[in-house]
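First residue of the sequence shown? That's 74 in this note's numbering, and the numbers climb one at a time after it.
No residue lacks a Cβ here, since even glycine has one placed at the ideal position from N, Cα and C.
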Amino acid sequence: MLIYPAIDLFDGKAVRLFKGDYAQMTVYDDNPPDTAMKFKAAGAAHIHIVDLEGAKNGTTPNFETVCAIKKAADLFCEIGGGIRNIETIEKYINAGIDRVILGTAAVTENGFVEKAVEKFGDKIAVGIDIKDGMVAIKGWTEKSGFTAFDFCEKMQKAGVKTLICTDISKDGAMQGTNHSLYAELMEKFDMQIIASGGVSSIGDVDKLAKAGMYGAIIGKAYYTGAIDLKEAIEVAK
Numbered sequence: 074m075l076i077y078p079a080i081d082l083f084d085g086k087a088v089r090l091f092k093g094d095y096a097q098m099t100v101y102d103d104n105p106p107d108t109a110m111k112f113k114a115a116g117a118a119h120i121h122i123v124d125l126e127g128a129k130n131g132t133t134p135n136f137e138t139v140c141a142i143k144k145a146a147d148l149f150c151e152i153g154g155g156i157r158n159i160e161t162i163e164k165y166i167n168a169g170i171d172r173v174i175l176g177t178a179a180v181t182e183n184g185f186v187e188k189a190v191e192k193f194g195d196k197i198a199v200g201i202d203i204k205d206g207m208v209a210i211k212g213w214t215e216k217s218g219f220t221a222f223d224f225c226e227k228m229q230k231a232g233v234k235t236l237i238c239t240d241i242s243k244d245g246a247m248q249g250t251n252h253s254l255y256a257e258l259m260e261k262f263d264m265q266i267i268a269s270g271g272v273s274s275i276g277d278v279d280k281l282a283k284a285g286m287y288g289a290i291i292g293k294a295y296y297t298g299a300i301d302l303k304e305a306i307e308v309a310k
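Quick look at the structure:
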């Protein structure tokens with residue numbers, strides 16, 4: 074299993090939200106490339122980046138910071154948040170970002186995912202954010218009309234290879250992740266599924282790895298010291 078330590082960006086800083094609430098934000102690093110270098114020093118090969126401002130308003134206000142992270146660490150970087158057209162995908166890929174995560178537009182724009190996959194192949198992933206069994210959009214501020222499993226089926230048919238699945242109720246709460254949800258997703262779908270939200274202990278990492286998950290994102294647990302990244306990477310292997 075691959076470990077993706079996370080950098081969530083707001084106003085050029087590395088921050089974390091509590092259960093997706095922008096009013097409950099903690100700043101962890103004023104210079105996110107430094108955080109990326111710490112990930113690299115711990116043995117990470119991948120970084121998961123989210124532009125929180127972009128996720129809300131569909132723009133790329135943290136583009137320069139994302140590029141600075143990639144340049145500093147020179148690791149596999151994936152970015153999500155505010156990517157709602159082909160031009161934005163191209164902008165990131167041309168800047169050397171390895172994978173782009175589609176969220177809101179994958180739900181709201183019919184045919185967009187198919188078009189993106191056709192053009193960029195496995196450089197496209199889809200983020201599915203689940204709130205009360207439904208897919209949430211626009212930085213988790215709205216619920217769509219899709220159930221989680223219906224949407225996953227739609228994405229598989231669209232040719233998506235990698236799915237990043239977040240249980241919003243677990244995110245940043247440090248109470249463990251939703252193991253039963255991930256087990257069900259792996260049973261039902263033939264995609265690379267990355268667990269996100271609530272991965273808060275080495276026990277969580279071990280259980281996800283043994284269940285055969287493709288990857289796991291570690292966010293708040295890294296920043297608070299609840300998970301030692303080096304140990305998590307070893308356990309995941």
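Other residues of its chain near residue i: CB distance less than 6 Å, five sequence neighbours each side excluded
i      : result
Gly194 : none
Ile210 : Thr177, Val180 and Ser217
Cut-off 7 Å between Cβ atoms - residues of its own chain near residue i, not counting five sequence neighbours on either side
i      : result
Thr99  : Val88 and Arg89
Lys303 : Ala115 and Gly116
Contacting residues, own chain, Cβ-Cβ under 8 Å from residue i (five flanking each side not counted)
i      : result
Met228 : Ala179, Val186, Val199, Ile201, Leu236 and Met264
Phe149 : Ala118, His119, Ile120, Asp171 and Arg172
Phe219 : Val180, Met207, Val208 and Lys227
Tyr255 : Cys238, Ile266, Ala268, Leu281, Ala284 and Met286
Gly127 : Thr133, Pro134, Asn135, Gly154, Gly155 and Ile156
Lys164 : Thr133 and Phe136
Rounded distance between the beta-carbons of residue j and residue i, thought under 8 Å
i      : j      : result
Ile290 : Ile266 : At roughly 11 Å, the Cβ-Cβ gap does not stay under 8 Å, so Ile290 and Ile266 are not in contact.
Ser274 : Ala299 : 7 Å
Tyr295 : Pro78  : 5 Å
Ile43  : Ile122 : An answer regarding residue 43 cannot be provided, because it is not within the stretch 74 to 310 covered by the chain.
Ile152 : Ile174 : 7 Å
Ala145 : Ile162 : Contact flag wrong, Cβ pair sits at about 23 Å.
Counterpart residues of residue i in DSSP-defined beta bridges
i      : result
Lys216 : Ala209
Gln265 : Thr235
Thr99  : Arg89
Val123 : Asp81 and Gly153
Asp240 : Ile203
> Where are the alpha helix (DSSP H) runs, 4 residues long or more, that stay fully inside the region 155-211, in chain order?
Replying inline: For the region 155-211, whole alpha helix (DSSP H) runs of length 4 or above, ordered along the chain, are 159-167, 177-181 and 185-193.
> Is the region 148-166 close to the region 91-98, with three or more CB pairs under 8 Å?
Replying inline: A contact is defined here as three or more CB-CB pairs under 8 Å, and the region 148-166 fails this definition with respect to the region 91-98.
> Which runs of the beta strand (DSSP E) spanning at least 3 residues fall entirely within the region 285-310, listed in chain order?
Replying inline: Within the region 285-310, the complete beta strand (DSSP E) runs of at least 3 residues are 288-291.
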